[in-house]
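Asks: Below you'll find the structure I mean.
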Amino acid sequence: MFEPSNAQKAYLLRQKRDRQLVFAARILIFLGFLALWEISARLGWIDSFIFSSPSQIAKTFRDMCLDHSLFSHIGITLTETLLSFFFVVILGIGVSVLMWLFPRLSRIMEPYLVVLNSLPKSALAPLLIVWLGANERTIIVAGMSVAIFGSILNLYTGFTEVDPEKLKLIATLGGNKKDELFKIVLPASIPLILSVMKVNIGLCLVGVIIGEFIGAREGLGYLIIYGSQTFKLTWVLMSIVILCVIAMVLYGILAFIEKRYMKHV
734 MFEPSNAQKA YLLRQKRDRQ LVFAARILIF LGFLALWEIS ARLGWIDSFI FSSPSQIAKT
794 FRDMCLDHSL FSHIGITLTE TLLSFFFVVI LGIGVSVLMW LFPRLSRIME PYLVVLNSLP
854 KSALAPLLIV WLGANERTII VAGMSVAIFG SILNLYTGFT EVDPEKLKLI ATLGGNKKDE
914 LFKIVLPASI PLILSVMKVN IGLCLVGVII GEFIGAREGL GYLIIYGSQT FKLTWVLMSI
974 VILCVIAMVL YGILAFIEKR YMKHV
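Counting from 734, one number per residue, gives the positions in the sequence shown under the working numbering.
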């Protein structure tokens with residue numbers, strides 16, 4: 734069995750200490766921010782009615798958990814986000830494959846995709862509500878609209894940048910486009926697909942919240958709008974904190990999957 738040298742052990746130890754230092758610094762900054770926020774609210778340095786405080790947010794979270802009203806809002810937003818993310822992944826890969834298989838189609842569609850990707854999606858949400866109605870389907874479409882066009886562009890670009898020598902080898906051996914796709918392009922693009930998925934999960938969450946702002950009666954986006962209109966600003970801040978946690982958890986799951994895949998490649 735290979736025994737690492739003293740220099741290697743020292744290097745690994747430094748790397749471990751560096752990771753621990755970074756993690757400890759992150760925790761200290763976060764705790765310091767919470768402490769400063771709480772102290773400022775208690776001492777009157779900031780208006781606790783407007784800025785709330787960590788203790789008020791925690792109390793509101795506990796009360797809403799006890800009456801089970803919060804779980805339905807979290808569940809609805811999470812379900813809409815996951816559904817929009819699922820459709821973005823399927824449609825993103827599917828349309829990108831079609832564009833790669835048919836280069837003429839890609840030349841026709843590319844300018845439209847660029848324009849749609851650049852369009853502020855908050856401008857589309859009111860139209861979607863009018864066209865599709867104020868329902869869950871509309872909010873899922875709003876979530877998809879934020880991520881789908883950029884996803885297609887990024888995946889298609891990645892597909893076209895696959896090593897051309899490998900594609901020539903497949904063609905030399907008598908393979909066709911299908912063989913190139915399933916034996917070269919898709920396997921080589923898995924890291925790219927996972928990377929795009931990590932970005933898309935956050936974008937889908939943003940799109941869902943935009944949709945809930947305008948046409949929902951449930952969900953964390955609805956809580957934010959309702960809380961701001963009724964000056965229940967603790968609800969607003971609590972919902973934002975929950976959204977941050979959801980985004981971190983979903984991103985962390987995809988990052989873990991990517992790390993496991995890269996480790997076994």
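A virtual CB, placed ideally from N, CA and C, is assigned to each residue, including glycine.
Rounding to the nearest angstrom, what Cα-Cα distance links M995 and P920 in this structure?
Replies: Near 12 Å, if we compare the C-alpha coordinates of P920 and M995.
Asks: Would DSSP call K965 helix, strand or coil?
Replies: It is coil, neither helix nor strand.
Asks: Inspect the CB distances between the region 824-838 and the region 886-903 and report whether three or more fall short of 8 Å.
Replies: Touching, per the Cβ criterion.
Asks: Going by C-alpha distance, which of S855, P897 and I934 is nearest I917?
Replies: It is P897 whose Cα lies nearest to the Cα of I917.
Asks: What separation, rounded to the nearest whole angstrom, lies between the Cα atoms of S972 and F784?
Replies: Approximately 14 Å between the Cα atoms of the pair.
Asks: DSSP three-state label for R750, please.
Replies: Helix.
Asks: Suppose you measure from the CA of F804 to the CA of V974; what does that come to, to the nearest Å?
Replies: F804 and V974: Cα-Cα distance of roughly 14 Å.
Asks: Quick one: Cα of Q748 to Cα of A757, how far?
Replies: Spanning the two alpha carbons is a distance of roughly 14 Å.
Asks: Helix, strand or coil for A867, going by three-state DSSP, please let me know.
Replies: Correct three-state label for A867: coil.
Asks: For G710 and I790, I'd like the C-alpha separation in whole angstroms.
Replies: Nothing in the structure corresponds to residue 710, since the chain is present only between 734 and 998.
Asks: Smallest Cα separation from K965: which of R775, S781 and R750?
Replies: Checked all of R775, S781 and R750; the closest Cα to K965 is S781.
Asks: Of the residues E813, F820 and L849, which one's Cα is nearest the Cα of A949?
Replies: Minimum Cα distance to A949 is reached at E813.
Asks: Quick one: which unbroken alpha helix (DSSP H) runs of 4-plus residues sit fully inside the region 798-838? Chain order, please.
Replies: Those alpha helix (DSSP H) runs which fall completely within the region 798-838 and span 4+ residues are 802-834.
Asks: Please state whether the Cβ-Cβ distance between L954 and T810 is less than 8 Å.
Replies: What sits at residue 954 in the sequence shown is Gly, not Leu. Their beta carbons are under 8 Å apart, which means G954 touches T810 by this criterion.
Asks: Run through the region 855-926 for me and flag every whole alpha helix (DSSP H) of 4 or more residues, listed as ranges in chain order.
Replies: DSSP runs (the alpha helix (DSSP H)) wholly in the region 855-926: 869-893, 897-905 and 910-913.
Asks: Would you list, in sequence order, the uninterrupted alpha helix (DSSP H) runs of no fewer than 4 residues that lie entirely inside the region 929-966?
Replies: For the region 929-966, whole alpha helix (DSSP H) runs of length 4 or above, ordered along the chain, are 953-962.
Asks: What would DSSP say about S738, mapped onto helix, strand or coil?
Replies: Note: S738 maps to coil in three-state DSSP.
Asks: Determine, using beta-carbon pairs with one atom in the region 900-910 and one in the region 839-857, whether at least three such pairs fall under 8 Å.
Replies: Touching, no, given that fewer than three Cβ pairs across the two stretches are closer than 8 Å.
Asks: Given that a residue counts as buried once 16 or more other Cβ atoms are within 10 Å of its Cβ, and exposed if not, what is A774?
Replies: It counts as buried.
Asks: Nearest-angstrom Cα distance between G883 and I772?
Replies: Cα to Cα, G883 sits roughly 43 Å from I772.
Asks: If you drop the 5 nearest sequence neighbours on each side, which residues of the same chain put their C-beta closer than 8 Å to that of E913?
Replies: Result list for E913: L900, I903 and A904, in chain order.
Asks: Whose C-alpha, out of P787, E991, L860 and I807, is nearest the C-alpha of S928?
Replies: The shortest Cα separation from S928 among P787, E991, L860 and I807 belongs to E991.
Asks: Rounded C-beta distance between I942 and L976? I'm assuming under 8 Å.
Replies: Contact holds; Cβ gap of about 7 Å.
Asks: Can you tell me where the alpha helix (DSSP H) with S781 in it begins and where it stops?
Replies: Here the alpha helix (DSSP H) through S781 covers S781 to F784.
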